[in-house]
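Residue 125 in our numbering sits at position 115 of the sequence shown; the count goes up by one each step and never skips. For each residue, glycine too, the CB sits at the ideal point set by N, CA and C. Notes for the one structure printed next.
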Amino acid sequence: MSPDLIRLSNLTVAYDRHPAVHRISGSIAVGSLTAIAGPNGAGKSTLLKAIMGELRPAEGRVEHLLQRTDFAYLPQAADINRRFPISVLDTVLLGAWRQAGAFGRVAESERAQALEAVKAVGLEGLGARQIGSLSAGQLQRVLFARLLLQDAKVILLDEPFTAIDARTTRDLIDIILRWHGENRTVVAVLHDFEQIRAHFPQTLLIAREMVEWGPTADAMSSPNLLKARAMAERWDEDAGVCEPAA
Ligand code: ADP
Ligand code: MG
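Dropping the structure here:
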């Protein structure tokens, strides 16, 4: 067994004192490949943000010895302004900020790495294109190229394949598997159970509270999935509100 890289102890994260995730405990091993699954509004995005330190625990702890720059993060639904007039290559180069510093000059070597990354995600020759002219799948490839350039120890992906075509999804899963082969630690929020079962050895199933965290076959058992759904429905009633679709 690999040693733990990140440990969550009794972690609760709240917005305006309303817990969004409640009492999550478990650990993420060095080099592990973990899926986070659960219904809409289950707290999956919140949990990712707490893991990388963007949100603070209301209770409990996230423990690790990592720097903020050890994390690379792909937000849900490409939180990127596509009307911003920026090229594919420059978008990828934003991933090099870690090395260059926000005001550092982009070295030739970084430009070469960015071109390499653009090629690795299957967009060779499109470096000069404006991101506004890309399809959703192409844009997601660009964002993966940026992650490649970030060269991070821990990669957190929030629904990377939602609304992405099958071919792109397959190619990007290959990149995730390559990261896994390089002993990077990857955590991804995913909705497709088959994808999770096929590629992700570990799964955390949550519905605000932890349902199960462990080997995927155990975590994603039918009883656990039913339990997650029942827990999610119960909250909606308790909150007395209709949860917006994520
Ligand atoms: P998921 O990613 O599993 O769909 P989220 O982590 O986005 O779930 O949300 C969990 C809960 O926290 C939901 O009830 C959501 O409405 C609430 N929430 C998420 N972000 C915020 C926010 N910025 N302010 C207040 N409530 C939020
Ligand atoms: Mg989410």
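For the ligand ADP, residues qualifying as neighbours are Tyr25, Ala30, Asn50, Gly51, Ala52, Gly53, Lys54, Ser55, Thr56 and Ala256, where qualification means a beta carbon closer than 5 Å to at least one of its heavy atoms (chain order). Rounded to whole angstroms, the separation of the alpha carbons of proline 95 and leucine 235 is 43 Å. Here the alpha carbons of glutamine 150 and leucine 136 stand approximately 14 Å from one another. Here the alpha carbons of isoleucine 61 and serine 19 stand approximately 11 Å from one another. With 16 or more other Cβ atoms inside 10 Å of its own Cβ, glycine 51 counts as buried. A distance criterion of 7 Å places the beta-carbon of glutamate 64 beyond contact range of the ligand MG, judged by its closest non-hydrogen atom. Take proline 85, set aside five residues on each side of it, and the residues of its chain with a beta-carbon closer than 7 Å to its own are Asp168, in chain order. Check the Cα spacing between tyrosine 25 and each of Leu65, Arg78, Ala198 and Ala39: the tightest is with Leu65.
Residue environment for glycine 191: exposed (fewer than 16 other C-beta atoms within 10 angstroms of its C-beta). Unbroken alpha helix (DSSP H) stretches of 4 residues or longer found wholly inside the segment 14-99: 54-61, given in chain order.
The continuous alpha helix (DSSP H) containing valine 152 extends over residues 146-160.
In this chain, glutamine 212 is not harboured by any alpha helix (DSSP H); it is covered by the beta strand (DSSP E) spanning 212-217. When secondary structure is reduced to three states using DSSP, valine 102 falls in the helix class. At a threshold of 7 Å, aspartate 202 does not count as near the ligand MG, since its beta carbon sits no closer than that to any of the ligand's heavy atoms. Between histidine 32 and arginine 207, the C-beta gap is not smaller than 8 Å, which leaves the two residues out of contact.
For glutamate 169, the shortest C-beta to heavy atom distance toward the ligand MG is below 7 Å. At least one heavy atom of the ligand MG lies less than 7 Å from the C-beta of valine 199.
In terms of Cα proximity to aspartate 202, the closest of Trp189, Met220, Leu187 and Ile174 is Ile174.
The closest heavy atom of the ligand MG lies 7 Å or more from the beta carbon of glutamine 150. Cα atoms of leucine 182 and proline 170: separation of roughly 9 Å, rounded to the nearest angstrom. Remark: C-beta atoms of leucine 133 and valine 152 approach each other more closely than 8 Å. Threonine 172: not part of any beta strand (DSSP E); DSSP gives it neither H nor E.
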